[in-house]
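Undergrad:
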Amino acid sequence: MKTVQEILEDRRRQNEINLENRINEIKQKVPRIIEISNEIKIKNIERINNLISKKSCEDISIEISKLISEKKHLMKENNIPEDYLDMKYHCEICHDTGIDGTHTCECRKKLEIQKLYKDSEIEEIIKEENFQNFNLELFRKDRQINENLSPYENMKDLREQFYDYAINFSRDSVNLFLFGPVGTGKTFMINSIAKEVLDRNFSVVYLSESDLVNLILEYKFAFSNQKSDLLPRINSIYNCDLLIIDDLGSNNINDNTKSAVFEVLNKRIVKKLPVIISSNLDTEDVRSAYDTRIYSRIVGEFYQKYFYGNDVRIKQ
Numbered sequence: 013m014k015t016v017q018e019i020l021e022d023r024r025r026q027n028e029i030n031l032e033n034r035i036n037e038i039k040q041k042v043p044r045i046i047e048i049s050n051e052i053k054i055k056n057i058e059r060i061n062n063l064i065s066k067k068s069c070e071d072i073s074i075e076i077s078k079l080i081s082e083k084k085h086l087m088k089e090n091n092i093p094e095d096y097l098d099m100k101y102h103c104e105i106c107h108d109t110g111i112d113g114t115h116t117c118e119c120r121k122k123l124e125i126q127k128l129y130k131d132s133e134i135e136e137i138i139k140e141e142n143f144q145n146f147n148l149e150l151f152r153k154d155r156q157i158n159e160n161l162s163p164y165e166n167m168k169d170l171r172e173q174f175y176d177y178a179i180n181f182s183r184d185s186v187n188l189f190l191f192g193p194v195g196t197g198k199t200f201m202i203n204s205i206a207k208e209v210l211d212r213n214f215s216v217v218y219l220s221e222s223d224l225v226n227l228i229l230e231y232k233f234a235f236s237n238q239k240s241d242l243l244p245r246i247n248s249i250y251n252c253d254l255l256i257i258d259d260l261g262s263n264n265i266n267d268n269t270k271s272a273v274f275e276v277l278n279k280r281i282v283k284k285l286p287v288i289i290s291s292n293l294d295t296e297d298v299r300s301a302y303d304t305r306i307y308s309r310i311v312g313e314f315y316q317k318y319f320y321g322n323d324v325r326i327k328q
C-alpha cells in the first residue's frame, strides 16, 4: 500500500499529465492560444531582465497586456474557461505538497487518517455493520421487571438518536459514552456512526482501547527517529474530527493504561473535539477500575447511553 508521500507525489504527477493533455487539446482546437501563452512567457522573462538592468519595461508591459487580451478573447470565443490552462490541484492550499507554510496541510492529515483506516480492519467491517443493516429484530421485545423499555424499544430509540447524531455530525458534536453488557449492540452502533461520519468526509480514527494505549506507549518510549514515523498517527488521535475508542476496560488496566487514556481524553476535551467510547463498564466501574480523573471526565463531559438485553450475537 502506498505511503501518504507517494500518494501526494502521484497527485502532482497526475496534475502535470492533466495539464499537458489540456494544452494538447487546445493546440488542436485553437493553436493561437498556446502560441500566445508562450509569447507571454518570453515577454515576462524580458520584463524581468529589464527590471534587473533597470531598463524601461513600459513597452513590454503594453505588449503583454495586448497578448493577454487577445488570449482572453479567443478563449471566450471558443467557450474555453479562463483557467483551463492553469495547473489544477486536489488541494489549492498546499498545491498537493502536504505542506501549508510551516505546518502540515489539512489534506495530508486527512490522507494519514484515511491510511490508518485502510490499514485497520474497520474499513471492511463497516461495509456490513452500518445503519442500513441494523436489525432491530434481534432484540427482545417484551419488557421485564424494572425495564421501562424493552431492549427492542430502547435500541430503536438509540438508533434514531445516533443516526441523527451521525448525519448532523460536526467538530462541535457532543461526546458519547455507550455502556452495557457484552453483545448488546454497542460496537455495531459505533461502527454505524463511524460509517455515516466518514461518508460525510469527516476524519475518523477508530481504535480499541488496547491499540490506543499501545500506540501512545510506543511513541512515548520510541527513539527520536522512530518518533517521527509515529508522529502522524499520534497527531491523528488528537486532531481528527471524531475519535472512537472501543472496549474501554476490556484489557489489563495498569498505570500506563490509565495515563494514556487520561492524556487522550483530556487533550481532546481541551480542544473541544468529540470522542465516542464504548465499554462493558458503567461509570462506577470506571471509577473503580481507573481513577477519579478519568471517571470525572466521562461523567462531566460525556452523554451516557445504556445498552441492555440478552447477547444478540448468539441469535446471529
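For the numbering used here, count along the sequence shown from 1 and bump the result up by 12. Using N, Cα and C, we set each Cβ at its ideal position, and we do this for glycine too. Just so you know, these numbers come straight off a predicted model, no measurement behind them.
(1) In angstroms with no decimal places, state the Cα-to-Cα distance between V276 and R44.
(2) Tell me the rounded alpha-carbon separation between N213 and N160.
(3) State the beta-bridge partners of L188 as determined by DSSP.
(4) Nearest by alpha-carbon distance to F189: which of I92, R309, R23 and E32 is it?
(5) Return the chain-ordered list of same chain residues with a C-beta closer than 7 Å to the C-beta of Y318, the five sequence neighbours on each side being excluded.
(6) Tell me, which residues are paired with Y218 by DSSP?
(7) Taking only the alpha-carbon atoms, compute the straight-line gap between I289 and E221 and give it to the nearest angstrom.
(8) With DSSP run on the structure shown, which of helix, strand or coil describes T116?
(9) Could you pull out every residue in the same chain whose Cβ sits closer than 6 Å to the Cβ of V287, ignoring the five residues on either side in sequence?
(10) Taking the C-alpha atoms as reference points, what is the distance between F151 and K122?
(11) Count Cβ pairs between the region 260-277 and the region 289-304 that sit closer than 8 Å; are there 3 or more?
(12) Give me the residue from I105, R59, F181 and I138 with the minimum Cα distance to T199.
(13) Quick one: what does DSSP say I48 is sitting in, helix, strand or coil?
(14) On the three-state DSSP scale, how would you describe I111?
(15) Looking at S204 and N142, is the spacing between their C-beta atoms short of 7 Å?
(16) Using a Cβ-Cβ cutoff of less than 8 Å, which residues in the same chain neighbour R34 once the five nearest sequence positions on both sides are dropped?
(17) Under a CB-based cut-off of 7 Å, is L277 close to chain B?
(18) Which term fits S300, buried or exposed, when burial requires 16 or more other beta carbons within 10 angstroms of its beta carbon?
(19) Need the endpoints of the alpha helix (DSSP H) that N33 sits in, please.
(20) Going by beta carbon distance, what residues of the same chain come within less than 8 Å of K100, once the five residues before and after it are set aside?
(21) Which residue's Cα is closest to the Cα of I54: I80, E37, N278 and G321?
(22) Please say whether V225 and S248 have beta carbons closer to each other than 7 Å?
(23) Distance, Cα to Cα, K88 vs I38?
TA: Based on what the coordinates show:
(1) Stepping through the sequence shown from its first residue, residue 276 is reached at position 264. Stepping through the sequence shown from its first residue, residue 44 is reached at position 32. The straight-line gap from Cα to Cα measures roughly 60 Å.
(2) Taking the sequence shown and counting its residues from 1, the one referred to as residue 213 is at position 201. Taking the sequence shown and counting its residues from 1, the one referred to as residue 160 is at position 148. Rounded to the nearest angstrom, the two C-alpha atoms are 38 Å apart.
(3) Along the sequence shown, one-based indexing puts residue 188 at 176. Beta-bridge pairing links L188 to I288 and Y315.
(4) As a working note, residue 189 is residue 177 in the sequence shown. Here the closest residue by C-alpha is R309.
(5) Residue numbering aside, residue 318 sits at position 306 when the sequence shown is read from its first letter. Only F191 and G192 meet the Cβ criterion.
(6) Numbered from its first residue, the sequence shown carries residue 218 at position 206. According to DSSP, which records beta bridges pairwise, Y218 is partnered with I256.
(7) Here residue 289 corresponds to residue number 277 of the sequence shown, with the count starting at 1. Here residue 221 corresponds to residue number 209 of the sequence shown, with the count starting at 1. Looking at the two C-alpha atoms, the distance is approximately 9 Å.
(8) Locating residue 116 in the sequence shown gives position 104, where the first residue counts as 1. T116: strand per DSSP, three-state reduction.
(9) Start at 1 with the first residue of the sequence shown, and residue 287 comes out as number 275. Same-chain partners within the cutoff: N187, L255 and R280.
(10) Position 139 of the sequence shown, counted from the first residue, corresponds to residue 151. Position 110 of the sequence shown, counted from the first residue, corresponds to residue 122. Cα to Cα, F151 sits roughly 37 Å from K122.
(11) yes
(12) Along the sequence shown, one-based indexing puts residue 199 at 187. Among I105, R59, F181 and I138, the Cα nearest to that of T199 belongs to I138.
(13) Reading the sequence shown from its first residue, position 36 is the one you call residue 48. Helix, per DSSP.
(14) Taking the first residue of the sequence shown as 1, we reach residue 111 at position 99. Strand.
(15) By one-based count along the sequence shown, residue 142 stands at place 130. By one-based count along the sequence shown, residue 204 stands at place 192. In this structure, S204 lies closer than 7 Å to N142 by Cβ.
(16) To locate residue 34, count along the sequence shown from 1; it is residue 22. So the list reads Y96 and L97, once near-sequence residues are dropped.
(17) Among the chains of the structure shown, chain B does not appear; only one protein chain is present.
(18) Here residue 300 corresponds to residue number 288 of the sequence shown, with the count starting at 1. It counts as exposed.
(19) In the sequence shown, residue 33 corresponds to position 21, counting from 1. Unbroken alpha helix (DSSP H) run through N33: V16 to K41.
(20) The count along the sequence shown starts at 1 and reaches residue 100 at position 88. Answer for K100: N27, N30 and L31, listed in chain order.
(21) On the sequence shown, residue 54 is found 42 positions in, with the first residue counted as 1. Measuring from the Cα of I54, the nearest candidate turns out to be I80.
(22) Working through the sequence shown from its first residue, we reach residue 248 at position 236. Working through the sequence shown from its first residue, we reach residue 225 at position 213. No, Cβ-Cβ distance for S248 and V225 is not below 7 Å.
(23) Position 76 of the sequence shown, counted from the start, is the residue given in the question as residue 88. Position 26 of the sequence shown, counted from the start, is the residue given in the question as residue 38. Rounded to the nearest angstrom, the two C-alpha atoms are 13 Å apart.
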